[in-house]
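Quick note: the sequence shown uses the working numbering, first residue 23, plus one each step. We put the beta carbon where it would ideally sit given N, CA and C, even for glycine.
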Amino acid sequence: MEVTFSIKYKANWGHKLCISGSTTELGSWDEDKAIELQAEGEELWTGRVLVDGRRKDLSYYYLVKDQSGQVLRREWKRMHRLQIKEPFRTIHMDDHWINRPPNSPFYSSAFYDVLFRHEEESSTIVKRSLEVSEKLIFQIYAPTVPRGHQLYLSGSTAQLGGWDIHKAVQMSYLGKGEWYASIVLDRAALPSRDVWFKFFMAEDARGHIRWEARDNRQFTLPSHGRYDAIYLSGMSFEEGDYTPHFSGSVAPLFSLRGRSDWGVGDFGTLRLAIDWAAGAKQHVLQLLPINDTTYYRDWRDSYPYNAISVDALHPIYLDISALAPLKDRELQRHFEERAAQLRMSPTLLYPEVMALKEEYLRLHYEDHGAMLMRKKPFRDFVLQHAEWLVPYTAFCLLRDLNEGQAHEQWGQYACYNRIAIAQLLDSDEHRRQAGYYKYLQYLLSEQLLQARAYAEDRGVLLKGDIPIGVALQSVETWVHPELFHLGRSAGAPPDDFAEDGQNWGFPTYNWEVMYRDNMLWWRRRFERMSAYFKSFRIDHILGFFRIWEIPRTQYSGLLGHFTPAYPLCGNFWAKQFALLGSLEALIYPCVHAEDLQELFPRRVKELVASGLVIPIERSKFYRLSYTQQSAYASLPVERIPGGETTRALLIELCKEVALVEDMNQPGSYHPRIAFDKTKLYKRWSLEARRLWDKINHHYYYEVHNELWKRTATQRLIPLLESTDMLVCAEDLGMIPASVPEVLDELQILTLDLERMPKTPTATGLVPMHSIPYLSICTTSTHDMAPLRLWWTQLSREQREHYLANQLPHSELWAEAPVAEVMERIVRAHLSSPAMFVVLPIADWMAIDSRLHLLAPEDEQINHPEDPHQKWAYRLPVCLEDMMDRYADWSSRIAQMLCDTHRD
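Shown next, in the form of structure tokens:
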């Protein structure tokens, strides 16, 4: 079968257009084997390829190379598709170059598989009646055809209905937002070689027609030669100003409550949450991360962002009620009674729930594991997921054999070795135990896949969450240590919620190594996540622009710096601040004599004598002997005058430093963030403070924007092009100017909160009408006070300020009933231009006083300033009661969504 590819593209001199595709004839996606097309005139490129006629479906994309063969540009994604439904001998492809469309979020599995879902159809084959006739096939991407609607093709020829919409051709759905229709043309019967056409969407009865927002399309039949089939491909339905709006809820899975859960939300209660969301006419149910975090088996593992594997699911989420019972029915009843006790707790008792579930699941494995593991679905799962499942299984086994020890202390297994690990897992001593971890992951995967399918059948989009980091003790750092900077910790600079900054403990990424294989680790991570979710939130997307890195020798988030960045050499700093005497006064923690005396009223001489504090010559300042907080933490207490009290103060004084040394370029330094809040800064002269403020502002807000823009583009574009999931950003915090520019260019949905303006506003609040369409609008996140708590924390004056500026026509007053205020705030959010309004379930509950069952402060899920936070929040009512006892509340939500056109 001969296929002629034809596309219009205006290339620069010396550049050449090529095609790369899924078949061997098109290079099997190897760009070095891409087929070079021939230029015919200024803009037309063509190429003829002989393709195995037995192939019925092939995909391809176009790319531009220079004379040396370097790829200069590619189409947006691999979206061209040739489906052959008849035995053609000659095919002509009339293609259009595919750039990122202006509404690219619609071109995601979130839309074409869930929100605007259609079943794939078998199109009716219209046979060619004459040898001189040709089949004209139209393929177009139209991912926003609503459920219950169809896509139609109308045009100038009789076969296209002669512009009569009632005779228009109904198109068939190919999948992934693409539609297909064909007609048979007899050139001799046409008045000219021009065919005019246009697409429209409508209900089956041709009601509520929505034409594409453009002039009629024109295709001119080739003047030379005839083809069995001509495909018009690469077209996209032009939406114009079409802006559909959606709504949803977000909650940690562990917080969901069901009548039969085991003290924690699981994949069974997830199905109940899907039922509630669908009943309330919502479209999205967003979860916090659900990866396995099991390492310590105590409260530390409750932190959902501290994953030991980016692929494995957390065993705590297994729905035990969906499993076959234990063979010992009395033992089964005993476990259910213990689960009922945990279920009664108002909060998640993480260690107790985890211990109970593990105890039960090990017994369940003994009863049912052998039979299940002989079945083909289990064997297929193990084979398909071996790349991550084998290392994960070994990690769990060795973690349990070396309780409390870092993987660097695992002896012969301290460094991952594929052969040694295979022998370990297959040994008689460990084979049975290794099977247990695979058994759990299979059951978890099956339950989550079933929940996802159930959600999609109900029109609910399950949205996941990708943490920016991984645990220091994790499968990832064990198997791929070269991908991480293990001596550094990721965190965040200080903000209104965490004045000391944040130190998350995650190792930072070694991006230079990741670039070598085009970020294969990340691409595989996205690919595996797409099995469960059609949309995801990138936690702390700012980390793709630059990450806040803290040496592991420091504990405070204040002692980090951005990477990548342009640190300044020591000579620069010494010259600029010569008035301070020496570089020593900048790079060591320093304290004024008066402040030192106030902190240690009877210990100053002892501290100097011990060498822990050193006087700076010809000044009133002292410097600390160490710059690292860990140095003081590890000192024997007998060496510290004043013991533990002094130790704690010295660790705190380590933050009284002006410069932080760069971890990549020793001898170069960054200005310590928020240095103007230190005792040391306040002791400087006015001249020194003014100079510092000037350099500091330029450094943090001006000098790095282009660097961070290039960095984010280099990292994000390959990842976005490797997935069909809808990508959403968590872009809160200290936002450089390059962030909104890049997110807008790549059309990544932003996260917008009324109380956290990204640029200064007159009121300190975000005007709801100014929120961009390509965004997720919400009332709060898990890291801050939920809506009701935030309101109660405002003073009377602050409430009056809010009502006057944000709800000026509400006739509410500062002491109005809280539920009434909450409902007006929620309505204002729903009326915003944002594509999605996704609220925490607690904030939906805030609109109904009957659901104010917890103290407002008990609804906050996480306190980011607390490194020892226990993640224990649970909904105060079970999901069954939310749908039955409080059905009128759910109906109110549905009506609010209808009123604001989000239903």
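Coil, strand or helix - arginine 645 by DSSP: strand
With H, G and I counted as helix, E and B as strand and the rest as coil, what does DSSP make of threonine 668? helix
For glutamate 381, which of helix, strand or coil comes out of DSSP? helix
Quick check: the region 261-281 against the region 350-363, are there 3 or more CB pairs under 8 Å? no
In or out: leucine 152 buried (at least 16 other Cβ within 10 Å) or exposed? A caution first: leucine 152 carries a pLDDT of 48, below 50, which makes its placement in the model unreliable, though a value can still be read off. Counting Cβ neighbours within 10 Å, leucine 152 comes out exposed, since fewer than 16 surround it.
Would you call proline 213 buried or exposed, if buried means 16 or more other Cβ atoms sit within 10 Å of its Cβ? exposed
Given 8 Å as the limit, is there contact between the region 538-546 and the region 593-612, that is, 3 or more CB pairs closer than that? no
Among all the DSSP beta bridges, which residues are the ones paired with glutamate 425? According to DSSP, glutamate 425 bridges with nothing at all.
On the three-state DSSP scale, how would you describe glutamate 833? coil
Anyone know if the C-beta pair for alanine 572 and glycine 565 falls short of 9 Å? Before going on, a small fix: residue 572 reads as isoleucine here, not alanine. No. Outside cutoff.
On the DSSP letters alone, give me the boundaries of the alpha helix (DSSP H) that tryptophan 893 sits inside. It is not in any alpha helix (DSSP H) - tryptophan 893 carries neither H nor E in the DSSP assignment.
Where does histidine 851 sit, in a helix, a strand or coil, going by DSSP? helix
Hey, isoleucine 569 and tyrosine 537: beta-carbon distance below 9 Å or not? no
Could you give the first and the last residue of the continuous alpha helix (DSSP H) run that contains leucine 901? 901-905
One or two residues paired with arginine 70 in a DSSP bridge: Thr26
Tell me, please, whether the region 437-452 touches the region 379-389 by the rule of three or more beta-carbon pairs shorter than 8 Å. no
Say whether the region 551-564 touches the region 747-759, bearing in mind that this needs 3 or more beta-carbon pairs closer than 8 Å, one atom from each stretch. yes
Between the Cα of histidine 890 and the Cα atoms of Ile205, Asn525, Thr179 and Arg239, which residue gives the shortest distance? Asn525
How long is the line joining the alpha carbons of proline 782 and arginine 139, rounded to whole angstroms? 40 Å
For the beta strand (DSSP E) containing histidine 583, list its first residue and its last residue. 583-585
Per DSSP, tyrosine 387 forms a beta bridge with which residues? In the DSSP output, where bridge partners are listed per residue, tyrosine 387 has none listed.
Three-state secondary structure assigned by DSSP to leucine 152: At leucine 152 the pLDDT is 48, less than 50, meaning the model places this residue with poor confidence; the figure from the coordinates comes in the next sentence. Coil.
Under 9 Å between C-beta atoms of leucine 370 and serine 324: yes
With distances taken between CB atoms, is the gap from isoleucine 338 to valine 375 smaller than 9 Å? yes
What does a CB cutoff of less than 8 Å around glutamate 24 pick up in its chain, not counting 5 residues either side in sequence? Arg70, Val71, Leu72, Val73, Arg111, Thr112 and Ile113
Counting only the same chain and skipping the five closest in sequence on each side, list residues whose C-beta sits under 6 Å from that of threonine 785. Asn827
For a quick check, are the C-beta atoms of arginine 365 and arginine 474 less than 9 Å apart? no
Using a threshold of 8 Å, is the CB atom of arginine 232 nearer than that to any non-hydrogen atom of the ligand HEM? As for the ligand HEM, it is missing from this structure, which has no ligand bound.
Among the candidates Gly603, Ala631 and His246, whose CA atom is the shortest distance from the CA of arginine 640? Gly603
According to DSSP, is cysteine 750 helix, strand or coil? strand
Using a Cβ-Cβ cut-off of 6 Å (strictly less than) and excluding sequence neighbours within five positions of tryptophan 410, which residues of its own chain qualify? Asp333
Bridge partner(s) assigned by DSSP for proline 573: Arg510
Excluding five sequence neighbours on each side, which residues of the same chain lie with their C-beta closer than 7 Å to the C-beta of tryptophan 233? Lys220 and Phe222
Taking 9 Å as the cut-off, decide whether the C-beta atoms of leucine 310 and histidine 804 are in contact. yes
As an exercise, report each continuous beta strand (DSSP E) stretch of at least 3 residues that is fully enclosed by the region 672-704, in chain order. 681-683 and 690-693
So for valine 630, helix, strand or coil by DSSP? helix
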